[in-house]
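Q: Once you've had a glance at the structure underneath, I'll fire off some questions.
Residue numbers (the numbering used here), protein chains in the order written: chain L, 1259 to 1631; chain W, 71 to 333.
Right, here's the structure in full:
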């Protein structure tokens, strides 16, 4: 699939009128760009290792073998009711898988929103979904909104909040017919500010004990993960990936600017609308199940681009796997380094993400804001 | 009758920028769109490739309404090389040229061997084969322009719109880029700043003055001292290029300077 990308010759000096035919399959200068299947294989293996480690390691020790033994039991339908089984199947596995799905979703959403608003500093929460979700979640946690829904109240509140924010930002940014980058960014930032104020106001009015739970939710956590939380974000993620892979070529064109994309036959306003809906959906569902986990959606897309380039046919699938692995390992650290207590995962994602990105920026040619490096 | 604008008008933010412009670019012709800053050159080009909406008028390609065709189909007939804006995402030159294949491929199509051949071919034609792995941003102005022309070649369109293709280029690359475009043998409509280059390279020129077509014709007929003075408000003296006989408007100083004056 990615052979076009290796089809480029190694740098042959700066000879302008070189008559040498580019040998389409020789590219030692960019070993990392050689083969997408190989890259995906490596990333998948890494994710498998991360998931195994995530289930295996924790406050209660297990052997890696027993992890797969339990999974095998469940796959074959011969379940032994042991403590190990409960620990692996009911607690750790759903948690690790949810972390993987959310990591993948936030990375995907972040990378696409960076293209949509043409800003390298954008993250999945730029367009207001997280602040909207926070309003919904806070209303549930502090004022018992939606109590009729029982265990689902918190998630539903967050989803409703995210949806509301998404619709408002969409309508505001759509004035003039186009979801232009500046209008989108401004509407998102303004609404985030407003929703943030509403959340703060509710916290201010509520009693101090209850606010603890809000703070914890806002920081993000996979502590309440359960199997029942997995289907919606997973299905949404799969749909989003299929859609985005179908649009990968158009995304590449859009990354070069709306006018360029138009001249290449891409219907920019339809594409922007769909990108907005898809990314808001997966980001909103992620926030609903895990709270607001920062940094992943900002940093991982950049890390991926630094390694595999900016072609979305590469960044999207690699981003899914790297984002998932990154989140699984971050969650593993969050619940082990101060065990038996738990560190907010946002602390971990920032502490790991920031230096990794800084190192990569120093090592490779990369650019921000149009200045060549 | 290859590319024909009929009574084209464009309004931006309620202001009429282009009004009633009609012009025809014949098959294989290199036509220049001239006029001072703000006279509507870019606006017209952008109306042809649908960044700007028409207020009135039509764009015909081989007699068919270009703007009524699906955008993808239009992009297979008309390619654009514009001034590139700052981009946050670093594509390689190869990937940049591969974008020219976008209008030719459906969503899930992979790049085929054919696409790679077309791209390699296009890069070679513009002398950018050695740049394929370079990040587009790291290229010099002239190299960037050549890569963008390669993208247009890979797009396999038979019409090319150029928006100030020689801006920011030094004299060597200005000539190189225009020679290159001429050698492609496609129908070209190019917005150009430089009257001397326009006169050297264009088969015909269309002179715009504040959104209207002032006059058009062969460069030697259009670019007179009177018309340049009228449209640009600049005093020029016209000389003839010793190689080709093309007219070359030279700017004049407002104060008279005696040539013999010692410096």
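We put the beta carbon where it would ideally sit given N, CA and C, even for glycine.
What does residue 128/W pair with, by DSSP beta-bridge criteria?
A: In DSSP, residue 128/W forms a bridge with 76/W.
Q: Can you confirm whether residue 78/W, when its beta carbon is compared against all beta carbons of chain L, has any partner nearer than 9 Å?
A: For residue 78/W, the answer is no, since every Cβ of chain L falls outside 9 Å of its Cβ.
Q: Taking the runs of the alpha helix (DSSP H) that are 4 residues or longer, which of them lie wholly in the region 278 to 306 of chain W?
A: Qualifying alpha helix (DSSP H) stretches, in chain order: 289 to 292 and 295 to 302.
Q: Can the beta-carbon of residue 1454/L be found closer than 9 Å to that of residue 1431/L?
A: No. Outside cutoff.
Q: To which residues of the same chain is residue 1415/L closer than 7 Å at the C-beta, ignoring the five residues directly before and after it?
A: So the qualifying residues of the chain are 1394, 1395, 1397, 1398, 1403 and 1404.
Q: So, does the region 99 to 117 of chain W touch the region 189 to 205 of chain W, judging by three or more C-beta pairs under 8 Å?
A: Output reads no: the region 189 to 205 of chain W does not touch the region 99 to 117 of chain W.
Q: For chain L, find out if any of its Cβ atoms is closer than 9 Å to the Cβ of residue 172/W; answer yes or no.
A: Yes, residue 172/W counts as interfacial toward chain L.
Q: Please list, in chain order, the chain W residues whose beta carbon lies closer than 9 Å to that of residue 1317/L.
A: By Cβ distance, chain W contributes nothing, its closest Cβ being about 42 Å from residue 1317/L, past 9 Å.
Q: Given that a residue counts as buried once 16 or more other Cβ atoms are within 10 Å of its Cβ, and exposed if not, what is residue 1338/L?
A: Classification of residue 1338/L: exposed, given that the 10 Å Cβ count is below 16.
Q: Do we get a CB-CB distance below 9 Å when we pair residue 1567/L with the residues of chain W?
A: It does; some Cβ of chain W falls within 9 Å.
Q: By how many angstroms is the C-alpha of residue 92/W removed from the C-alpha of residue 142/W?
A: Taking the straight line joining both Cα atoms gives about 25 Å.
Q: Helix or strand or just coil, what does DSSP make of residue 233/W?
A: DSSP places residue 233/W in strand when its eight states are reduced to three.
Q: Under the DSSP definition of a beta bridge, which residues are partnered with residue 135/W?
A: DSSP lists 130/W as partners of residue 135/W.
Q: Taking the alpha carbon of residue 185/W as the point to measure from, which residue in 197/W, 177/W and 172/W has its own alpha carbon closest?
A: Closest option to residue 185/W, Cα to Cα, is 172/W.
Q: At what residues does the beta strand (DSSP E) containing residue 159/W begin and finish?
A: Run containing residue 159/W: none; DSSP gives neither H nor E here.
Q: Is any beta-carbon of chain L found at less than 9 Å from that of residue 177/W?
A: True, the Cβ-Cβ gap to chain L drops below 9 Å.
Q: Return the residues of the region 269 to 297 of chain W that lie within a Cβ-Cβ distance of less than 8 Å from chain L, sorted by chain order.
A: Residues passing the 8 Å Cβ filter: none.
Q: When burial is assigned at 16 or more other CB atoms within 10 Å of the CB, is residue 165/W buried or exposed?
A: Buried, since its Cβ has 16 or more Cβ neighbours within 10 Å.
Q: I'd like to confirm the pairing. Which residues does DSSP put opposite residue 276/W in its beta bridges?
A: 103/W and 286/W.
Q: On the premise that residue 1315/L lies in contact with residue 1587/L, defined as a C-beta separation below 8 Å, what is that separation, rounded to the nearest angstrom?
A: The pair is not a contact, with the Cβ atoms about 10 Å apart (cut-off 8 Å).
Q: Residue 147/W and residue 131/W - do their beta-carbons sit closer together than 9 Å?
A: Yes, they are a contact pair.
Q: From the DSSP output, in three-state form, read off residue 1282/L for me.
A: Per-residue confidence for residue 1282/L stands at a pLDDT of 43, beneath the threshold of 50, marking its modelled position as unreliable; the derived number appears in the next sentence. Reduced to three states, the DSSP call for residue 1282/L is coil.
Q: Closer than 9 Å by beta-carbon distance: list the chain W residues that pair up with residue 1531/L, in chain order.
A: Per Cβ cutoff of 9 Å: no residues; residue 1531/L is ~15 Å from chain W at best.
Q: Identify, in the order they occur along the chain, each residue of the same chain with its Cβ nearer than 7 Å to the Cβ of residue 1367/L, setting aside the five sequence neighbours on each side.
A: Same-chain partners within the cutoff: 1382, 1537, 1540, 1541 and 1555.
Q: Give me, in chain order, the residues of the same chain whose beta-carbon lies closer than 6 Å to that of residue 1324/L; leave out the 5 immediate sequence neighbours on both sides.
A: So the list reads 1342, once near-sequence residues are dropped.
Q: Please name the residue in 1328/L, 1448/L and 1604/L whose C-alpha comes closest to that of residue 1426/L.
A: The shortest C-alpha separation from residue 1426/L is found at 1448/L.
Q: Does DSSP put residue 321/W in a helix, in a strand, or in coil?
A: Strand.
Q: Tell me the DSSP secondary structure of residue 1458/L in three-state form.
A: If DSSP states are grouped into helix, strand and coil, residue 1458/L belongs with the helices.
Q: Could you tell me the distance, in whole angstroms, from the CA atom of residue 181/W to the CA atom of residue 1295/L?
A: Going by the C-alpha atoms only, they are around 15 Å apart.
Q: Provide the residue span of the beta strand (DSSP E) that contains residue 241/W, from first to last.
A: Where residue 241/W is concerned, there is no enclosing beta strand (DSSP E), although the alpha helix (DSSP H) it sits in stretches over 241 to 253.
Q: Give me, in chain order, the residues of the same chain whose beta-carbon lies closer than 7 Å to that of residue 252/W; leave out the 5 immediate sequence neighbours on both sides.
A: Closer than 7 Å at Cβ, skipping near neighbours: 100 and 271.
Q: So, with DSSP's three-state summary, where would you put residue 260/W?
A: Reduced to three states, the DSSP call for residue 260/W is strand.
Q: Check the Cβ-Cβ distances between residue 85/W and every residue of chain L, and say whether any is below 9 Å.
A: Output row for residue 85/W: interface = no.
Q: Which residues in chain L sit within 7 Å of residue 14/W, going by Cβ to Cβ distance?
A: Not covered by the structure: residue 14/W. The range shown for chain W is 71 to 333.
Q: Can you check whether the C-beta of residue 220/W is within less than 9 Å of a C-beta belonging to chain L?
A: Answer no: the Cβ-Cβ gap between residue 220/W and chain L never drops below 9 Å.
Q: Where does residue 1288/L sit, in a helix, a strand or coil, going by DSSP?
A: Bear in mind that the predicted position of residue 1288/L carries a pLDDT of just 40, short of 50, making it unreliable; the figure below should be weighed with that in mind. In the structure shown, residue 1288/L sits in a helix (DSSP, three-state: H, G or I).
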